[in-house]
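Below is one structure; the comments refer to it alone.
In C-alpha cells form, the structure reads like this:
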C-alpha cells in the first residue's frame, strides 16, 4: 500500500518548521513506526538527515512515542499508542499529516520530538508516597479492598505520554495529574499526604504553563490507556476538600 | 588461575548477609553529603539505588538516555515479581526460593548471592506496597499470588499484566521525591560514552547530551552502572529500541571482566516475526502459561488449517506430555527449546519464513470454558489487547500464535559479593551484571533482582566502599579526564566520517542479529560458532568502512546514537560466540548440540565446567582472555535439572 505523508520538520526551536512531503510504500502488518524507520533508512542512504521522532519500547507501555496523525494524538485507533498503530488501519492512497505534540509546556526539540520534562517536574512536586527505603511494615498489614485496588490500578496505568495535553484545547495536564491523584488517593498508604499532594501537583501544573480543565473531554478520547475524566472530578473534589 | 575474588562471606548461608552488613563500614550521616555518586540508568535497579542513596544523604547524579527516567525498559516487564512470603501457605520459604533459583540457573551461580536474593525478596514487596504499587488483591484485601515457571508454589506478586510498569513507577516516584529534595540531580537525554579512570579507580563518566550533542564530564567518588541487558545484540528481541550494551562495554574495555556473555535467555512466548521490516518482538508474559495450554497439530498436514478445525485428539500438547510434573510451567529454556524442536520437526504453525513455520499455539479456550471469560479478562486483558493490536486476531476467540524470542541476558559484567566489578569503585547492578541467575533466569525474578540490588544491597555496599575513601573532588582539567574526552570525540568523528560511507547503521545491526540468532541462539554448534567468529569480524570491518551517518555530532542525531551502539554490539557479539565455543557442555540456556542427552535435554559437565567464565579485554576483540571463577557448592548438591 502507498501512503503520502506530510511530516513536520524543524531543525531546532529557534528556527521555524515546515511540512515535508514523502511518498512511502508499506504493508498492512507493518507498524507506523516501522514505516518511518524504512523512510529514514532511505533518507540516510540519500545523504539526508533522518526524521527525528521519539520511541523506545514499541509495545505501548513506555509512553515515549508521541505523534499527532491527522490531528489526533496517537492517531485514529482508540486506546492505542502511536507505536501500536498498524498500517492495516489505513487504506492504500491515504494522505496523512504527522506532527509533534503541540503544547506550550512541551517545547519542541527537533522535528517530531518535544521536551516533556514538565511532566517529570509535576511528579517531583508531590506525585509520590513518601516511603523511606527499608522502613515499610509487612505488606499484608494494610489490607486494600479489591475494588479500591482495581480502581487504583486503572488510574496507575497512565504512561505519561502527554496525549491528553496535546488533545486539550487548553493544553491542560489535568487528566495526567488526576490519574496520579486518583491512584495514590485510593490507597490507604496515600492518605497521609492526600491534601498536600493535590495542591502541590496542581500548583506545579500551573507553573509549567498548562491550562486548566473546562470539560472538553478531548483527553479521554485519545488516552491510550482509556483513563476517563471521572478522575478529574475526583481531582477537583480532593482539591476542594484540601482547601477546607 | 584467576585474579577475581568473589569476596563471599563464610559461615552458614542463612547468616552471611546479616553478618556482612555488620562487618561492612558505614558513613556517618553528617559526612554523607560530602560524597558524590553517579548512577547510570534509571530502571528498577538504577532508579531505586539513586533514590535510596539520595535518601541517605549522598549527592547523587542519575543519568538516562530516554527523555524521562520513567521510560526505562523495566517498564515493559509484565508478569510478576517473586518473593518468599509464603502468603499462600503452600510450602514456600527463603530456602525454597533460593533452591528453585539456583536449580533454575542450572547450578551455574554463586550460592551466597542467590541466597541473599531470596532473603531480600520479602522486603521488596513491603517496600513496593508502602509506595502505593497497586498489586492484585484477593477479596479479603490481602495480596494475591500466581504461579510462574520453574516453581511448584504460588509466590509471584503481580499487577495485572504490567507489574514492571507499576514497580518502576514506584521507584521513579521515590526518585522524583529525592530530586525534589535536592539530593539527586537527574540528567535525561544524556548518554554515557566513556568511563573516567584515575589511579585505577572509576571516578566519573563522559556523557553526550543527546539534544545539543555537547560532550560533558561528570566526576564522582564512585560509579554505579545499571544500564540493563544486551539482548538487542540479536537486533530482534523484546528489548526497547534504545537498549544497548555501550556503558557496560566501555567498562569492559577498561578492564572490567564480562561474565558468561553467551548465557542469553530466549523467552518461549513472544509474538512471532511478521516480516523483514520488523523492528522488535513483543513479549507475551509467562503468566499466560498459568492458564493457556501450548500445542501444535500432531500432523504436519494440519499445520496450515484453522486451529478451530483441528480435533482435540489431533493436538499435541507437547509441554504437558513431555514434562508432566511442570507441564506448561516448565522454565523458559526448556519451553523455548521444546517449541523450537517441534517446529524443526515440521509441526509449526503460521506463515512460512525462511522455509519454516515458526509458531506454536497458546490456547485459552479451556480456561475460558472452565473459569469464564470475565476471569481471564481480569487477569490478562491488557496482554490480550496488545496481541490483538499487533496481529489483528482476538485471543478470546482463537489461540495465540507464539514463538521464542530473545528477552533477557543472564550474562553481564562480573561482580563480587559487593556488586563491585573488578574495577575499583565501579559497581554494576540489575540486568547489567551477571550474578544470581546462573545459566537460566526463572520468570518473575528479574524484577526481584533489580530491586534487591537497588534498594537493599547498593546502599550498604556503596557506603562500605565510600567509607574507605576520602571524598576528593576531581578537576575537569585532570589529564585522565582529558584523555577520556578525546576518546569520545575521536570515536564520534570516526562514525561520522567512514571512508566509504554508504550503509545506514541499522542494516549492519540486522546482519549481525541474523548471524548471532542463527549460531548463538537457542542451539549452538562448534561449526556454527566458528562460522560466526569468521563472519562477525568481517562485518565489523565493513561497518567501520561503510557506515553512513548523516547530520553532525552537535545536534539531535538519532542515527549517530544508533551507530555508536551497533559498533559496540559488533564487538560484544563476537565475545558471546567465543564464550559459547569455549564452554563444551550444555547448561540452562546454553545448549550445545554436541552435548545433549539422547532425549535432547541439556547435559552439564560439572567436573570440568562448574565455573563462571570471566572474559577480559585484550585490546583485540577477536582475542579475549579467559579467567575462570570456580563455583563451589557447599549447601546444594548440583543434580540433573529435571522438570518431568
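Chains as they are written, first to last, in the numbering used here: chain A, 119 to 362; chain B, 18 to 661. Think of the CB as a built atom: it goes at the ideal place given N, C-alpha and C, for glycine as much as any other residue. Quick caveat: nothing in here was measured; it's all calculated off a predicted structure.
Nearest C-alpha to residue 192 of chain B among B:175, B:208 and B:59: B:59. In the DSSP assignment, residue 350 of chain A falls within the alpha helix (DSSP H) that extends over 348-361. Using a Cβ-Cβ cut-off of 7 Å, residue 472 of chain B counts as an interface residue toward chain A, since at least one Cβ of chain A sits closer than that to its own. Under a criterion of Cβ atoms nearer than 7 Å, the residues of chain A adjacent to residue 403 of chain B are, in order, 177 and 178. Following the DSSP letters along the chain, one finds residue 210 of chain B inside the beta strand (DSSP E) bounded by residues 207-215. Within its own chain, the residues whose Cβ lies closer than 6 Å to the Cβ of residue 327 of chain A, once the five positions on either side in sequence are excluded, are 222 and 223, listed in chain order. With respect to the C-alpha of residue 197 of chain A, the residue from A:349, A:303, A:337 and A:137 having the closest C-alpha is A:337. A distance below 7 Å separates the beta carbons of residue 162 of chain A and residue 565 of chain B.
Neighbourhood of residue 156 of chain A in chain B, by CB distance below 8 Å: 294, in chain order.
In the same chain as residue 84 of chain B, and ignoring 5 residues on each side of it, the C-beta atoms closer than 7 Å to its own belong to 205 and 206, in chain order. Assignment of beta-bridge partners to residue 520 of chain B by DSSP yields B:564. Put simply, the CB of residue 425 of chain B is far from chain A, with every gap to its CB atoms at 7 Å or more.
Inclusion of residue 333 of chain B and residue 311 of chain B in the CB contact set at 7 Å is not warranted, their separation being larger than that value. As summarised for the region 172-251 of chain A, the continuous alpha helix (DSSP H) elements at least 4 residues long and confined to that stretch are 235-242, given in chain order. The alpha helix (DSSP H) runs lying completely inside the region 260-287 of chain A and spanning 4 residues or more are 264-274 and 281-285, given in chain order. Ranked by Cα distance from residue 318 of chain B, the options B:272, B:362 and B:579 are led by B:362. Among the residues of chain A, those whose CB is under 9 Å from the CB of residue 565 of chain B are 162, 163 and 165, following chain order. When beta bridges are read from the DSSP output, residue 138 of chain A appears opposite A:125.
Runs of alpha helix (DSSP H) with 4 or more residues, each lying fully within the region 125-211 of chain B, are found at 128-147 and 180-198, listed in chain order. A straight-line Cα-Cα distance of about 30 Å links residue 602 of chain B and residue 372 of chain B.
Straight-line measurement puts the Cα of residue 216 of chain A at about 7 Å from the Cα of residue 188 of chain A.
Between residue 456 of chain B and residue 607 of chain B, the C-beta gap is smaller than 7 Å, which places the two residues in contact.
The beta carbon of residue 358 of chain A sits no closer than 7 Å to any beta carbon of chain B. Annotation: the region 620-655 of chain B contains the following complete segments of the beta strand (DSSP E) (minimum length 3 residues), in chain order: 628-633 and 642-647.
Under DSSP, residue 283 of chain B takes part in a beta bridge, and its partners are B:423. Taking 7 Å as the upper bound on Cβ-Cβ separation, chain B lies near residues 198 and 202 of the region 192-203 of chain A. Between residue 55 of chain B and residue 222 of chain B, the C-beta spacing is below 7 Å. With three or more CB-CB distances shorter than 8 Å, the region 295-302 of chain A counts as touching the region 349-356 of chain A.
Residue ranges of uninterrupted beta strand (DSSP E) with 3 or more members, entirely inside the region 52-100 of chain B and ordered along the chain, are 53-57 and 76-80. A straight line joining the alpha-carbon of residue 361 of chain A with that of residue 153 of chain B spans about 33 Å. By the CB criterion at 7 Å, residue 544 of chain B and residue 230 of chain B fall outside the cutoff. Residue contact check for residue 29 of chain B against chain A: no CB pair falls below 7 Å. Within chain B, the C-beta atoms nearer than 7 Å to that of residue 228 of chain A come from 573, in chain order. Listed by position along chain A, the residues whose Cβ is nearer than 8 Å to that of residue 186 of chain B are 274.
For residue 264 of chain A, at least one C-beta of chain B is nearer than 7 Å to its own C-beta. In this structure, residue 92 of chain B sits near residue 181 of chain B, with a CB-CB distance shorter than 7 Å.
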